[in-house]
Structure formats: C-alpha cells, structure tokens
Amino acid sequence: MSVSHSTSSARARTIRLGAASAIAFLALSAYVSRTGDAPKLVGISWVAFTAMAGAAALGGHTTADHPRGLVWGYGLASGAMIASAAAFLLPQAIGYAAKPGGFGVAAGILTGFGAHTIGHRLSHLDLPLDRTTAELSAHSLAAGSIIGVVYTAMPGLGPLLGLAIVSHKGPAGYAAARRLARTDRSPAMLLLPAAGVGIAALAVTVVSFPTGPVFRAVVFGFAAGIFLHVAMDFLPHCETGSDVHDAVTRSAHDHDHALLDRLRLHAVASTGLGAAVVAAAWVLLQ
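Sequential numbering from 266 applies to the sequence shown in our numbering.
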C-alpha cells in the first residue's frame, strides 16, 4: 500500500469519526432540549463545542505561531478554572461532608494525573487519532460526565461554573490543531473532544444518582480535583519543551530568553486576570 493511499485512508477515518461525534452530540442535544430538563447543560455543552471546534478551525489554517496569544489563552482559561473549582466546587464538597469531600478531591487529582500519564501509551496504538487528540477526548468525556453529575445533583447552579470550567476548550483546540497541521493530519478529528463534553454531560441527565450528602460530597470533591488537575496542566509554562517554548522557537525567535522572560510576566498576569474575571462575575451576579 502506498504512503499516499495510507494517508488518504487515515484522513477518511478521521473525518468519519469527527462527523459521527458531531452528529451524536447534535442528536443528544435535540433530545435533551425537547425534554426541557437541562437547558443550562445544553448551553454549556454548545459553548464548549463551539469554542474548541472554532479554535481548531482557526489553528488548522494559521501558518504563523503566536506565543503571546497562546500564553493569554491558556492563562485566562486556567485561572478561571482554578478560581471556579476553588470557589464553587470545594465549598460544596466540604459542606456536604468534609472528609469524604476531601478524599474526593484527592481522588480527582490523582485520577487526572493517572489518566494523563497513562495516556502516553495511546501513542503506541494504531488509532485513527493521535495521542494529543485521544487525551483531549478522554479529558472531555471525563469533564462532561462530572459536569453532568454536578448540574443534575444541583440544578440550581448558575451557568458561570460550567462556562469557566470549559473555558480551556478554545486554547486547547487551537494548540492541538496547530500540532496536527504540522504533521499533515486533519484537525477534523478534534470534533470528537469538542463534542465529548456535551455527549457525556447530556447523557448523564438520563441516569438517576443517589442524593445522599456523602455521595454529593465525593462527587463535588472529585469534580474539584479533576478540574484543578486540568487547570494546572493548562497553566502557561514557558520552560523548554512547553507549548509556549515550542511556539517561540517556531516563530523564528530560536531560544529567545528575553522573550520567554517577558512571556512569563504575561503568564502571571493572564492567570490572575482569569481568576479575577470569575470573582467579578460572581460578585455581579449575587
């Protein structure tokens, strides 16, 4: 089999997988919207899908790297996620039952770390998607499941928490699409992680869960741990081997240490602003 034929076949599988994911998400959204049970989840899911799919489309057609934009995208998103998990999820977990909630936080952080670390093995399998996309898909499905459980357990929660949690989808989609474009792979496969949050979150609405305080404490704690791990993973590091450093190198700056030092200041400012935006939104919506 020729290399060109193999590449063409891989692209076709990728497009089919992405299209199937988008269709499944659209069908599930229509079903849940018709029942009227989870309008907030539908909205949050579509924000996540649009953010990642739109950013992926932009990243796949961008020829130049913009390290400062990457820093601000990652920084704003990770700062917002950290503030949201700390302000909206941790108090709920501790309030329901302190120690089970604390164990839930520990389980969430360790599960996130384990999934990310073991995800490296995906690169050794013959999958129609690359390692980065597979990890993003796993993150999306896990995050969607937790968001679905949290909003099903507490339907009175406002959309601010969910929107802040999925805020990293945009920069993640952009960065992943740039990696795929550089290896001549189709960004269409990112439709799977883009739709994954909604597929998992909306599917959860049709399942019944226990409502006891211990169960809720563990769920909210686990959610806080997962999202804190993801947020820390998206902090805009500027060290060698990071996405930011790679973007600086590719944008003809080579190993520009002065630029990296300036970007570190942008990293601190962007994460602080992301957290401040969530805090300000909470104050205004009180």
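Glycine residues also receive a C-beta, built at the ideal position from the N, C-alpha and C atoms.
Inter-segment contact for the stretch 488-504 and the stretch 341-361 is present: three or more beta-carbon pairs are separated by less than 8 Å. Between Gly463 and Trp311 the beta-carbon gap is near 7 Å, inside 8 Å, which marks them as a contact.
Rounded to the nearest whole angstrom, the C-alpha separation of Leu428 and Ala313 is 8 Å. Ranked by Cα distance from Thr327, the first of Leu355, Arg444, Phe290 is Arg444. CA-to-CA, the gap between Val479 and Thr417 works out to about 16 Å.
For Ala303, the number of other beta carbons within 10 angstroms of its own is at least 16, and it is reported as buried.
Between the stretch 524-540 and the stretch 331-348 there are three or more inter-stretch CB-CB distances shorter than 8 Å, so the stretches are counted as touching. Look at the stretch 385-452 and you find no whole run of beta strand (DSSP E) that is 3 residues long or longer. Around the beta carbon of Val472, a 10 Å sphere encloses fewer than 16 other beta carbons of the protein chains shown; the residue is thus reported as exposed. Excluding its 5 nearest sequence neighbours in each direction, Val542 has C-beta neighbours in its own chain below 7 Å: Ala345, listed in chain order. By the criterion of a C-beta distance shorter than 6 Å, Ala440 is surrounded in its chain by Asp508, once the five residues flanking it on both sides are discounted. Under the three-state reduction of DSSP, Pro304 is assigned to helix. Ser432 has its alpha-carbon roughly 23 Å from the corresponding atom of Ala446. Below 8 Å, too few C-beta pairs join the stretch 368-380 and the stretch 499-506 to call them touching: fewer than three. Contact between Ala460 and Leu401 is absent: CB atoms are separated by about 11 Å, not below the 8 Å threshold. Counting every other CB atom within 10 Å of its CB across the protein chains shown gives Gln357 a total of 16 or more, marking it as buried.
Residue burial annotation: Tyr361 is buried, with at least 16 other C-beta atoms found within 10 angstroms of its C-beta. Beyond the five residues adjoining it in sequence on each side, Trp547 comes within less than 8 Å, by CB distance, of Ala352, Leu425 in the same chain, given in chain order. Boundaries of the alpha helix (DSSP H) harbouring His522: 522-549, taken from the DSSP string. Ala512 and Leu524 have their alpha carbons spaced roughly 11 Å apart. Per DSSP, Ser507 is not a residue of any alpha helix (DSSP H), being assigned neither H nor E. Contact between Gly366 and Gly486 holds: CB atoms are separated by about 4 Å, below the 8 Å threshold. Assignment of Pro458 by DSSP, reduced to helix, strand and coil, places it in the helix class.
Scanning its chain for C-beta atoms nearer than 8 Å, with the 5 sequence neighbours on each side dropped, one finds around Ala284 the residues Ala453, Leu456, in chain order. In the structure shown, Pro332 falls within a helical segment according to DSSP collapsed to helix, strand and coil.
The continuous alpha helix (DSSP H) containing Ala363 extends over residues 363-383.
DSSP, read as helix, strand or coil, puts Leu500 in coil.
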